[in-house]
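What the sequence shown shows, in mature numbering (1 follows the signal peptide of the UniProt record, and there is no 0), is residues -26 to -1, 1 to 270, in sequence order.
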Amino acid sequence: MDRNQVWVFFVSTYVCSFLLFESALSQNIQTVTSKENVGVDLPCPYSANFGNSPRIEWKFKSNNNEQLIFYNGQPTGAYVGRISWFPGYLRFNSVTRQDTGLYSCEVVGDSPGQYQEDQVNLIVEVPPSTPVCYIPTSVTTGSTVTLTCFDKDGSPPCTYNWYRNNVLVPVSPSQIPAFQNTSYILDSKAGTLIFNPVSKADTADYYCQASNGIGPPTQCGAARMEVRDVNVGGIVAAVIIILLTIALIGLAVWYAHRKGYLPDMKAKSQSKPKGDYRQPPAADDLDFKQKSSFVV
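(1) Consider the Cβ of P147: report whether some Cβ of chain C lies at a distance smaller than 9 Å.
(2) Could you tell me the alpha carbon to alpha carbon distance between I223 and A230, rounded to whole angstroms?
(3) For a quick check, are the C-beta atoms of G116 and N95 less than 9 Å apart?
(4) So is F60 buried or exposed if we call it buried at 16+ other beta carbons inside 10 Å?
(5) Per DSSP, P17 is paired with what?
(6) Buried or exposed, going by whether 16 or more other CB atoms sit within 10 Å of the CB of Q72?
(7) Determine the extent of the beta strand (DSSP E) in which V6 is found, giving its start and end residues.
(8) Considering residue 271, what are the terminal residues of the beta strand (DSSP E) in which it resides?
(9) Secondary structure at F153, three-state DSSP: helix, strand or coil?
(10) What does the alpha-carbon distance come out to for the pair G83 and P131?
(11) So V172 and V119 are in contact, right, with Cβ under 8 Å, and what is the actual spacing, rounded?
(12) Following the continuous beta strand (DSSP E) through T114, name the residue where it begins and the one where it ends.
(13) Helix, strand or coil for L(-7)? Go by DSSP, reduced to three states.
(14) Output the distance between the C-alpha atoms of P28 and L16, rounded to the nearest integer angstrom.
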């Protein structure tokens, strides 16, 4: 076996080992669900081969932020007094919705090379509250209109359904004949209903319903969205009023000037007194006066 073959063999072995390791980690992910404000245990079993005093670390990851919550046999930071370690599991005295996320347990044995990582996905179940909805009451045909719906309390995150005149809005307008003349995009995870463009056929009463399988669904109050054409007559009337106002102002200025209510700027400039200008005496005249004084 030459050098290149040896290199390929080692690289292939490393890649396969890495893939098997990643696969083992993914298989160790467990999901634990719990009600809010109750205790819960997160499992992290390991064999006796790790020795009598393995090093245990717990990390918590939520919203792309990771923090160390248990290290060197002690809870850290805000977790002091909230969690306790027992051989094979981590116990929460009481969980809140903010504890929902991914937890990883790392076990390092007494012997070199002994390492194990388990992951636990904790879901603290919280029913949805009344969602906050935005439904515009008056829009113009041809524009892009977005209706929004959001619930801040539900865990796991809610899915959202929109209703028009008490009829469920389908994901695609083509699914129900009553919606085939409308153009919209429905995102049940984000809670948005986007009309692009909106038409007069979209005039209706709308409301949103939030649900996550925990407790009954909740909904916001219905609101009517009116779709109106552009008011061309109103725009023309406004332009005419502006032009008439300008014309009346000009006529008033002309009439006041004609009646003498305004000062005549031209006459005022002509009646301005001219300055008394005298030509300075010539140099010869000065010499003459000076010489005559000597003669006398």
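Quick reminder that beta carbons are idealized off the backbone N, C-alpha and C, glycines included.
Taking the structure as given:
(1) Judged by its chain identifiers, the structure shown contains no chain C, having just a single protein chain.
(2) Rounded to the nearest angstrom, the two C-alpha atoms are 11 Å apart.
(3) Against a cut-off of 9 Å, the Cβ pair of N95 and G116 comes out as no contact.
(4) Counting Cβ neighbours within 10 Å, F60 comes out exposed, since fewer than 16 surround it.
(5) P17 is bridged to Y63.
(6) Q72 should be labelled exposed.
(7) Here the beta strand (DSSP E) through V6 covers I3 to K9.
(8) With the chain represented from -26 up to 270, any question about residue 271 goes unanswered, as that position is not in the structure.
(9) Taken through DSSP and simplified to helix, strand or coil, F153 comes out as helix.
(10) Looking at the two C-alpha atoms, the distance is approximately 38 Å.
(11) Between V119 and V172 the Cβ distance is about 5 Å, and since that is below 8 Å, they are a contact.
(12) For T114, the uninterrupted beta strand (DSSP E) run begins and ends at S112 to T114, by DSSP.
(13) Residue confidence is low: L(-7) scores 41 on pLDDT, short of 50, so the model does not pin down where it sits. Its coordinate-derived value is still stated next. Helix at L(-7).
(14) Going from the Cα of P28 to the Cα of L16 covers about 18 Å.
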